[in-house]
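For the sequence shown, my numbering assigns the number 26 to the initial residue and increments by one for each residue that follows.
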Amino acid sequence: MVDRVLGRSGNEIDAVAEISRPFVYKVLPDLLGLPQWGRDHMAAFGHMVWATMGPQNALFQEAMQNNPEPVFKWVDECCNRENLDPEGLGMKMFEAADRGAISQDEAKLLVQILLSAAADTTVMTLSTAIRAFCQFPEQYQRLRREPALVRAAFEESLRWDSPSRLAGRITTKDVDIEGVTIPAGTRCGLLFAAANRDPRKWTAPDEFDLGREVRGHVGWGFGVHSCVGRLLAGLEAEALLGAIVRRIGRFESAGEPEPWMTTIGHGPARLPVRVSVSA
Ligand code: HEM
26 MVDRVLGRSG
36 NEIDAVAEIS
46 RPFVYKVLPD
56 LLGLPQWGRD
66 HMAAFGHMVW
76 ATMGPQNALF
86 QEAMQNNPEP
96 VFKWVDECCN
106 RENLDPEGLG
116 MKMFEAADRG
126 AISQDEAKLL
136 VQILLSAAAD
146 TTVMTLSTAI
156 RAFCQFPEQY
166 QRLRREPALV
176 RAAFEESLRW
186 DSPSRLAGRI
196 TTKDVDIEGV
206 TIPAGTRCGL
216 LFAAANRDPR
226 KWTAPDEFDL
236 GREVRGHVGW
246 GFGVHSCVGR
256 LLAGLEAEAL
266 LGAIVRRIGR
276 FESAGEPEPW
286 MTTIGHGPAR
296 LPVRVSVSA
């Protein structure tokens, strides 16, 4: 893929459509052991997943308007046991069901949850890293000199512009935050993206800084329900961003990114960039 991108040096490319999305949309279903057929439904499925988290607004209508049935059918069938690669991660869920740890229905649901939770979050975070490389070229040059910082770059992009902007919780007891009491039983939105740029926690929060101590960001959520897939996402980032920094000398913006905004998530839907071999 990096070869293909470099073959178009100097031309405008969309980093989402040509770099981050094709990478994740191949690696993830391969890893889960999904069949090859129907994978072209992944983008529409992702759209639906994000659009259904929140009110049934215009975004929801838009995600559902183009005959969703074939997408539902694909998600239903591709995660069935008989369609999974016996060596894939998806099959591990069914093996857990065989051991009695969960039911067979839960095993299938878990495969579907992994498919929905792991795709666009990772696409958006990788795309955001590339946006940061355009906006902070000196940081990209540092990353090229110190490729061991690739994981740090991924974590910093997650802090800098978190794709999962918020998550919902219900308080189980009265909670006191800086003199304000939130009563037990209150529905709350935890604003991860805002916390990740809170100036009381972060110095120069709007800067993408590879040297920052990024531990403590909440781009993966927080507590018992924080992201179970962070190690996998980190591995994907190491593979893709590692290959990128070894080969691509420079990224520059080729136009305004087109934002994708849902109730819960956001990220670039389109990211026009130019790449070159030399710095
Ligand atoms: C950069 C990529 C990713 C980001 C930014 C991300 C973000 C998040 C966040 C913020 C949460 C917490 C939601 C909450 O507190 O309610 C979460 C939960 C979760 N994530 Fe991720 N995620 C990513 C990748 C993945 C991957 C690769 C997988 C699967 C392999 C995954 C599976 C899950 C699951 C299953 C949960 C629910 C955990 C629970 O409720 O106990 N995520 N993720």
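Cβ coordinates follow ideal geometry from the N, Cα and C atoms, glycine included.
Answer with buried or exposed for residue i, where buried requires no fewer than 16 other C-beta atoms within 10 angstroms of its C-beta.
i: C213; result: exposed
i: T211; result: exposed
i: P111; result: exposed
i: R156; result: buried
i: K21; result: One cannot answer for residue 21 here, as it falls past the ends of the chain, which runs 26 to 304.
i: T206; result: exposed
i: K133; result: buried
i: L183; result: buried
i: E87; result: exposed
i: N221; result: buried
i: S45; result: buried
i: S189; result: buried
i: T228; result: exposed
i: E102; result: exposed
What number of angstroms, rounded off, separates the C-alpha of residue i from the C-alpha of residue j?
i: P95; j: R272; result: 39 Å
i: D231; j: H250; result: 27 Å
i: R176; j: T153; result: 14 Å
i: P54; j: V30; result: 23 Å
i: Q61; j: W285; result: 27 Å
i: F11; j: E283; result: The requested residue 11 does not occur in the structure, where the chain is confined to residues 26 to 304.
i: V199; j: A126; result: Before going on, a small fix: residue 199 reads as Asp here, not Val. Cα to Cα, D199 sits roughly 34 Å from A126.
i: P47; j: Q137; result: 19 Å
i: F217; j: M149; result: 15 Å
i: G246; j: H291; result: 15 Å
i: S128; j: A122; result: 5 Å
i: G241; j: G248; result: 12 Å
i: I289; j: A143; result: 15 Å
i: F70; j: P208; result: 37 Å
i: V27; j: G204; result: 52 Å
i: R16; j: R124; result: Examination of residue 16 is not possible in this model, given that the chain is present from 26 through 304 alone.
i: D36; j: V253; result: Strictly speaking, residue 36 in this sequence is Asn, with Asp absent from that position. In a straight line, the C-alpha of N36 is about 38 Å away from that of V253.
i: L265; j: V74; result: 25 Å
i: F119; j: P162; result: 46 Å
i: A83; j: P172; result: 43 Å
Can you name, in chain order, every residue of its own chain whose Cβ lies under 7 Å from the Cβ of residue i, other than the five neighbours on each side?
i: T77; result: F85
i: E261; result: V49, V52, T147
i: D186; result: T153
i: G58; result: L109, D110, E112, G113, L114, G115, M116
i: E277; result: C159, V298, R299
Using DSSP's beta-bridge definition, name the partner residues of residue i.
i: D39; result: P297
i: S303; result: Per DSSP, none; premise fails for S303.
i: V30; result: Paired residue(s): none; V30 is not in a bridge.
i: W285; result: G292
Quick one: residues in its chain with C-beta nearer than 6 Å to the C-beta of residue i, no 5 flanking neighbours on either side, listed in chain order?
i: S301; result: S34, G274, R275
i: R255; result: W245
Spell out whether any CB of chain B is found under 7 Å from the CB atom of residue i.
i: M73; result: Considering every chain present, this structure includes no chain B. It has just one protein chain.
List the endpoints of the continuous alpha helix (DSSP H) containing residue i.
i: S141; result: 129 to 160
i: L260; result: 255 to 272
i: C103; result: 94 to 103
i: S182; result: 175 to 185
i: L59; result: Where L59 is concerned, there is no enclosing alpha helix (DSSP H), given that its DSSP letter is neither H nor E.
i: V74; result: 67 to 76
i: A83; result: 83 to 90
So the beta strand (DSSP E) residue i belongs to, where does it begin and stop?
i: G214; result: 212 to 216
i: F276; result: 275 to 278
i: G115; result: Note, G115: premise wrong, no beta strand (DSSP E); alpha helix (DSSP H) at 114 to 123.
i: L235; result: Run containing L235: none; DSSP gives neither H nor E here.
i: A192; result: 191 to 195
i: V200; result: 200 to 202
i: V205; result: 205 to 207
To which residues of the same chain is residue i closer than 8 Å at the C-beta, ignoring the five residues directly before and after it?
i: N91; result: A69
i: M79; result: Position check: residue 79 holds Gly in this sequence, whereas Met was assumed. Correct list, in chain order: F85, T287, T288, I289.
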